[in-house]
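If you want the numbering used here, it's the position in the sequence shown, counting the first as 1, plus 34.
Beta carbons are placed, not taken as given, at the ideal position from N, Cα and C, and that holds for glycine.
Single-structure report; data block below.
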Amino acid sequence: MEKLTISADPSTPSASSTEKTSDEIAHNRLQSHSSSIKELFHQSYQKVVSYFIETVFTTLSSFFIATANKFSKKPSASSPDFSLVHAEKTITPAAFFSENFKSVREENIPQKKFPWSALIMIGMPTLLSVLYFGFIASDQYETTTDYIIKSQSPSYEGASPLSLIGLNGGDTAAAHDNSMLQAYVGSQQILHDLSADLNLRKIFASSEIDWFSRLKSYPDLFKRLSGQKTRRTSLHDISDEELLRYWHKMVRIVPGNAPGTSTLEVKAFTPEDAKLIADHVLILGEQLVNRVSARTVKDALRFALKEVDDAHERAIRAFDQLQELQVKVQQVDPVGYAKVRSEIQAKIESELSAIQAQTELLRKNLPEDAPGIQLAKNQVISLQSQLLKEKFKSTAADQGASATEVLNEFAKRQLESEFAAKDYLAALSALETARVNANRQSRYLEAFDLPELPDKPSYPRRWYDILSVLALSSLCWAVWSLFIAGVREHQH
Numbered sequence: 035m036e037k038l039t040i041s042a043d044p045s046t047p048s049a050s051s052t053e054k055t056s057d058e059i060a061h062n063r064l065q066s067h068s069s070s071i072k073e074l075f076h077q078s079y080q081k082v083v084s085y086f087i088e089t090v091f092t093t094l095s096s097f098f099i100a101t102a103n104k105f106s107k108k109p110s111a112s113s114p115d116f117s118l119v120h121a122e123k124t125i126t127p128a129a130f131f132s133e134n135f136k137s138v139r140e141e142n143i144p145q146k147k148f149p150w151s152a153l154i155m156i157g158m159p160t161l162l163s164v165l166y167f168g169f170i171a172s173d174q175y176e177t178t179t180d181y182i183i184k185s186q187s188p189s190y191e192g193a194s195p196l197s198l199i200g201l202n203g204g205d206t207a208a209a210h211d212n213s214m215l216q217a218y219v220g221s222q223q224i225l226h227d228l229s230a231d232l233n234l235r236k237i238f239a240s241s242e243i244d245w246f247s248r249l250k251s252y253p254d255l256f257k258r259l260s261g262q263k264t265r266r267t268s269l270h271d272i273s274d275e276e277l278l279r280y281w282h283k284m285v286r287i288v289p290g291n292a293p294g295t296s297t298l299e300v301k302a303f304t305p306e307d308a309k310l311i312a313d314h315v316l317i318l319g320e321q322l323v324n325r326v327s328a329r330t331v332k333d334a335l336r337f338a339l340k341e342v343d344d345a346h347e348r349a350i351r352a353f354d355q356l357q358e359l360q361v362k363v364q365q366v367d368p369v370g371y372a373k374v375r376s377e378i379q380a381k382i383e384s385e386l387s388a389i390q391a392q393t394e395l396l397r398k399n400l401p402e403d404a405p406g407i408q409l410a411k412n413q414v415i416s417l418q419s420q421l422l423k424e425k426f427k428s429t430a431a432d433q434g435a436s437a438t439e440v441l442n443e444f445a446k447r448q449l450e451s452e453f454a455a456k457d458y459l460a461a462l463s464a465l466e467t468a469r470v471n472a473n474r475q476s477r478y479l480e481a482f483d484l485p486e487l488p489d490k491p492s493y494p495r496r497w498y499d500i501l502s503v504l505a506l507s508s509l510c511w512a513v514w515s516l517f518i519a520g521v522r523e524h525q526h
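Following this line, the structure appears as C-alpha cells:
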C-alpha cells in the first residue's frame with residue numbers, strides 16, 4: 035500500500051532570511067496538502083478505470099482463446115498463416131494453441147479468474163432491468179393542465195378570498211390559494227369526493243397492470259411472503275391509507291412556468307383514465323375555491339352586520355345617557371350655558387369697574403351729596419347686585435352636584451355620543467363595502483390548458499431506466515472492487 039509523504043517546500047525561505055507571517059506559511063502548507071490529495075485521488079481513479087478495462091478485456095480474450103483452442107485441434111491447410119515471435123522462433127497459430135505450447139500461452143497471455151463479482155453486481159441488475167422495463171413494465175400516460183385562481187375584479191386580481199375581511203394580504207394570495215388547493219389534492223378528502231364518480235381502486239389495481247406498478251395491499255403481501263395462507267386480495271381489502279400513498283405517486287401539483295400559475299400532473303395506465311381523473315380533480319378544485327370564496331364573503335357580511343348592530347346599540351345608549359343628564363340639569367347644553375354665564379359676568383364686571391372709576395373721579399370734584407355721585411353709587415350697587423346673582427346662578431348646585439362635576443359629566447357623555455355616532459357611520463360604510471365586494475370579488479379557478487388524451491406513454495423511460503441501472507451497478511461494483519483491492523494490498 036502506497037504511503038503519502040508530504041514535506042515542506044524546500045524552496046520556502048527560512049525565518050532568518052525572510053519575514054513571512056504565520057498565515058502565509060499555513061496557506062502554503064494548505065496548498066501543498068490540497069495538491070497531494072488531488073494527486074492521490076487522480077491516481078486512485080486511474081487505478082479503478084484501468085482495473086475495470088483490464089478485467090473486461092481479459093474476460094473477452096479468455097473467451098476468444100478458449101474458442102480458438104477448441105477449433106485449433108483440426109487445423110485446415112487453408113488457414114491463414116499468422117506469425118508470433120516467441121523466443122526468436124516463428125510459431126503458427128495451430129502450434130501455438132496445441133498442448134506443447136501451453137506454457138508459452140500462459141506466459142504471453144496472463145490468466146485471471148473470471149470476475150464473478152462483475153457478473154453479479156452489474157450483469158444481474160442490468161439483465162433484470164432489461165427484462166422488467168423492456169417486457170413487463172406497464173405504460174403510464176401523463177396528462178397536465180395549467181390553471182390560475184383569479185378574481186372577477188381586475189383591481190383585486192391578486193387578492194385572496196380572505197382579503198375581503200382583511201385577514202390576508204394581496205401579495206400572498208396566490209401562494210395561499212395554491213397551498214390550499216395542493217393540500218386538498220393530497221388529502222384523504224378528495225379521495226372520498228372522487229369515490230362518488232370514480233372507482234380509483236379499480237383503476238389503479240387492475241390485473242392488466244404489472245404487479246410492481248399496480249395498487250396493492252401490503253399486509254396480505256407480507257403474509258404471503260411469510261408463508262401464511264391468505265385469501266386472494268380484493269379491491270375492498272385496500273385501505274384508505276394505502277390508496278392515499280399510491281395517490282401521491284400518481285397525482286401532484288407543481289408550480290407553473292408563469293408567475294401565479296400551477297400545473298396539475300396526473301398519471302394513469304390508460305389515456306382515458308388519466309384525462310378522466312384530471313377532469314374530476316379540476317372540477318372538485320373549482321368547487322373548493324368557490325365554496326371557500328362564498329364562505330369568506332358570507333363571513334364578511336355577517337361580521338359587517340354585527341358591527342353595524344353593535345355600533346347602533348352603542349350610539350343609542352350614549353344618546354340616552356346624554357339626554358338623561360340634560361333632563362337632570364334642565365339644560366340642553368350646560369357647557370354653552372356656562373359659557374354664556376361667564377360672558378355676562380365679564381360684561382357686568384367691566385361695567386362695574388368703569389362706573390367705580392367714574393365715581394372716584396366725581397368725588398374729587400364734587401361734594402359727597404352731589405346728585406351725580408349719588409347716581410353713580412346707585413349704579414354701582416345695582417351692578418354689584420346683578421353680579422352676585424349671576425355668580426350664584428353659575429355656582430348653583432343641582433341636587434348636591436357642583437357645576438364643575440356637571441360640566442365634566444356632560445362633556446364626557448357628549449364625547450361618547452359623538453364617537454358612537456361616528457362608529458355607527460363607519461360600520462354602515464363597511465357594510466356597504468362588503469356588499470359591493472361580495473358581488474365583484476368572487477374568486478374562481480380558471481384552467482387555460484385543459485387536460486387532453488395523451489398520445490404516447492410518458493413512463494417508464496425504458497432506455498433511461500436501463501442505463502441508469504447499468505451506471506449505478508457499475509459504480510457500485512467499481513467501489514466494491516476498489517475496496518477489495520485495498521484490503522488485499524493491505525494484507526500483502
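Next on the checklist: Please state whether the Cβ-Cβ distance between Ser172 and Ile272 is less than 8 Å.
Outcome noted: Contact flag unset, no.
Item to check | Close Cβ partners of Leu339 (< 7 Å) along its chain, the five nearest in sequence each way excluded | outcome: Leu465
Checklist entry - Between the region 156 to 166 and the region 286 to 304, do at least 3 Cβ pairs fall closer than 8 Å? => result no
Next on the checklist: Using 8 Å as the threshold, is the C-beta distance between Pro494 and Tyr175 below it?
Outcome noted: No, these two residues do not count as a Cβ contact at 8 Å.
Next on the checklist: Please return the same chain residues whose Cβ sits closer than 7 Å to the Cβ of Val164, not counting the five positions on each side in sequence.
Outcome noted: Residues of the same chain with a CB within less than 7 Å of the CB of Val164, apart from the 5 flanking positions on each side, are Ile500 in chain order.
Checklist entry - Which residues mark the beginning and the end of the beta strand (DSSP E) in which Tyr478 is found? => result Residue range 477 to 483 is occupied by the beta strand (DSSP E) that includes Tyr478.
Checklist entry - Which first and last residues belong to the alpha helix (DSSP H) in which Ala519 is found? => result 496 to 525
Checklist entry - Quick one: what does DSSP say Arg286 is sitting in, helix, strand or coil? => result strand
Checklist entry - What are the boundary residues of the beta strand (DSSP E) that Leu298 is part of? => result Element bounds for Leu298: 296 to 302.
Checklist entry - Cα separation between Lys362 and Gln390? => result 40 Å
Checklist entry - Which whole-angstrom value describes the C-beta separation of Ser12 and Asn212, a residue pair presumed to lie in contact below a C-beta threshold of 8 Å? => result An answer regarding residue 12 cannot be provided, because it is not within the stretch 35 to 526 covered by the chain.
Next on the checklist: Assuming Ala352 and Glu450 are in contact, meaning their beta carbons sit under 8 Å apart, how far apart are those beta carbons, in whole angstroms?
Outcome noted: For Ala352 against Glu450, the beta-carbon gap comes to about 4 Å, under 8 Å, which counts as contact.
Next on the checklist: Quick check: the Cα distance between Ala461 and Ala455, rounded to an integer number of angstroms?
Outcome noted: Taking the straight line joining both Cα atoms gives about 10 Å.
Checklist entry - Where does Ile389 fall in DSSP's three states? => result helix
Checklist entry - Relative to the alpha-carbon of Ile287, which residue among Ser376, Glu299, Pro485, His524 has its alpha-carbon at the smallest distance? => result If we check each option's Cα against that of Ile287, Glu299 comes out closest.
Item to check | Rounded C-alpha distance that separates Gln355 from Arg447 | outcome: Rounded to the nearest angstrom, the two C-alpha atoms are 7 Å apart.
Next on the checklist: Using CA atoms only, rank isn't needed, just tell me which of Leu215, Val331, Thr330 is closest to Val285.
Outcome noted: Leu215
Next on the checklist: Does the contact criterion of 3 or more C-beta pairs under 8 Å hold for the region 478 to 492 versus the region 315 to 329?
Outcome noted: yes
Item to check | Endpoints, alpha helix (DSSP H) assigned at Met158 | outcome: 158 to 165
Checklist entry - In whole angstroms, what is the alpha-carbon distance linking Leu396 and Gly406? => result 8 Å
Checklist entry - Nearest to Tyr458 by alpha carbon, out of Ser247, Gln357, His346? => result Of the candidates Ser247, Gln357, His346, the one whose C-alpha sits nearest the C-alpha of Tyr458 is His346.
Checklist entry - Tell me which same chain residues have a C-beta within less than 6 Å of the C-beta of Lys309, skipping the five on either side of it? => result Thr177, Pro485, Leu487
Checklist entry - Can you tell me the Cα-Cα spacing of Ser48 and His524, whole angstroms? => result Its pLDDT being 41, under 50, Ser48 is placed unreliably by the model, and nothing is read from it.
Next on the checklist: Here's a check: name, in chain order, each residue in its chain whose Cβ is nearer than 7 Å to the Cβ of Val503, leaving out the five neighbours to either side.
Outcome noted: Pro159, Thr160, Ser163
Item to check | Buried or exposed (CB count within 10 angstroms, at least 16 for buried), Lys301 | outcome: buried
Checklist entry - Near Gln223, what residues of its chain come up, given a Cβ to Cβ distance below 7 Å and the 5 sequence neighbours on each side ignored? => result none
Item to check | Start and end residues, alpha helix (DSSP H) containing Phe238 | outcome: 234 to 238
Checklist entry - Going by alpha carbons, who is nearest to Lys332 out of Ala472, Ser507, Gly520, Phe517? => result Ala472
Checklist entry - Which class does Asp403 belong to by DSSP, given the choice of helix, strand or coil? => result coil
Next on the checklist: Please report the distance separating the alpha-carbon of Ala33 from that of Leu335.
Outcome noted: The question about residue 33 has no answer here: the residues shown for the chain are numbered 35 through 526.
Checklist entry - Can you tell which of Phe453, Lys236, Ile183 has its C-alpha closest to the C-alpha of Arg348? => result Closest in C-alpha terms to Arg348, from the list Phe453, Lys236, Ile183, comes Phe453.
Next on the checklist: Strictly by DSSP, which residues pair up with Asp180?
Outcome noted: Thr297, Asp483
Checklist entry - How many whole angstroms separate the CB atoms of Tyr478 and Asn233, which I take to be in contact at a CB cut-off of 8 Å? => result Their Cβ separation, rounded to whole angstroms, is 29 Å, which puts Tyr478 and Asn233 out of contact at 8 Å.
Next on the checklist: Tell me which residue opens and which closes the alpha helix (DSSP H) that Asp25 is part of.
Outcome noted: Past the boundaries of the shown model lies residue 25; the chain is included only from 35 to 526, so the question cannot be answered.
Next on the checklist: If I measure Cβ to Cβ from Leu386 and keep anything under 7 Å in the same chain, skipping five residues before and after, which residues do I get?
Outcome noted: Val414, Leu417, Gln418, Leu421
Next on the checklist: Taking the straight line between their C-alpha atoms, what separation do you get for Arg279 and Ala519?
Outcome noted: Arg279 and Ala519 have their C-alpha atoms roughly 43 Å apart.
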